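Novice: Dropping a structure here in structure tokens format, bear with me for questions.
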Amino acid sequence: MDRITRGGCLCGAVSYELTGELRPIVACHCNQCRKATGHFGAATQVEQKQATITGDTLRWFRSSEQAERGFCSVCGGNLFWRRFDSPFISVWAGTIDGKTGLKMESQLYPESAGDYYDLPAVPVVPQSELK
4 MDRITRGGCL CGAVSYELTG ELRPIVACHC NQCRKATGHF GAATQVEQKQ
54 ATITGDTLRW FRSSEQAERG FCSVCGGNLF WRRFDSPFIS VWAGTIDGKT
104 GLKMESQLYP ESAGDYYDLP AVPVVPQSEL K
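Put into structure tokens, the structure is as follows:
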């Protein structure tokens, strides 16, 4: 039986259901993730076909030539990141309801980290090595 993970935005207008195993958490310290989340990003990932997203307030913002970010237009809750040429969707770990059972496994772009926090004690990997 597939694992089902649920989550959504702050106001509840956008919700999602993920089926199957989730990728371990990857932290991203890039400037875009820092501005989108207010800190560093921490996301899991599934194939897009494993994600059922509901709510008519979901909006997509093209944040670069390669990717877009999904958020709720009512509360501003940042929920998703996806590359245009990828079958995967990243889901911000903090939007998952309840315990996740996930652990942070790696991090990206430590050279862009804010000066107000210490980097997590996990390996640094190039983004090209992720799915």
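First residue of the sequence shown? That's 4 in the numbering used here, and the numbers climb one at a time after it. No residue lacks a Cβ here, since even glycine has one placed at the ideal position from N, Cα and C. Nothing here was measured: the structure is a model prediction, and the numbers come from that model.
Sort THR60, HIS32, GLY44, ASP118 by Cα distance to CYS12 and report the nearest one.
Specialist: It is THR60 whose Cα lies nearest to the Cα of CYS12.
Novice: Using 8 Å as the Cβ pair cut-off and three pairs as the minimum, do the region 50-60 and the region 9-26 touch?
Specialist: Short answer: they touch.
Novice: Under the DSSP definition of a beta bridge, which residues are partnered with LEU13?
Specialist: Partner(s): none; LEU13 has no beta bridge.
Novice: Residues in the same chain with beta-carbon distance under 7 Å from GLN69, minus the five sequence neighbours each way, listed in chain order, please.
Specialist: Excluding positions up to five away in sequence, the list reads ARG86, PHE87.
Novice: Buried or exposed: where does ILE7 fall if 16 or more other Cβ atoms within 10 Å of its Cβ makes it buried?
Specialist: By the 10 Å Cβ count, ILE7 comes out exposed.
Novice: Would you list the one or two residues that DSSP bridges to PHE137?
Specialist: No answer is possible for residue 137: it lies beyond the span of the chain, which begins at 4 and ends at 134.
Novice: Does the separation of the CB atoms of VAL49 and LEU133 fall below 8 Å?
Specialist: Their beta carbons are not under 8 Å apart, which means VAL49 does not touch LEU133 by this criterion.
Novice: If I'm right that GLY80 touches THR98 with Cβ under 8 Å, what's the distance once you round it to whole angstroms?
Specialist: Right, their Cβ atoms sit about 7 Å apart.
Novice: Just the C-alpha distance for LYS2 and LEU111, rounded to the nearest angstrom, thanks.
Specialist: With the chain running from 4 to 134 in the structure shown, residue 2 is simply not present.
Novice: With 8 Å set as the bound, which would you pick, yes or no: does the beta-carbon of GLU24 sit closer than that to a beta-carbon of chain B?
Specialist: Protein chains in the displayed structure number just one, and chain B is not present.
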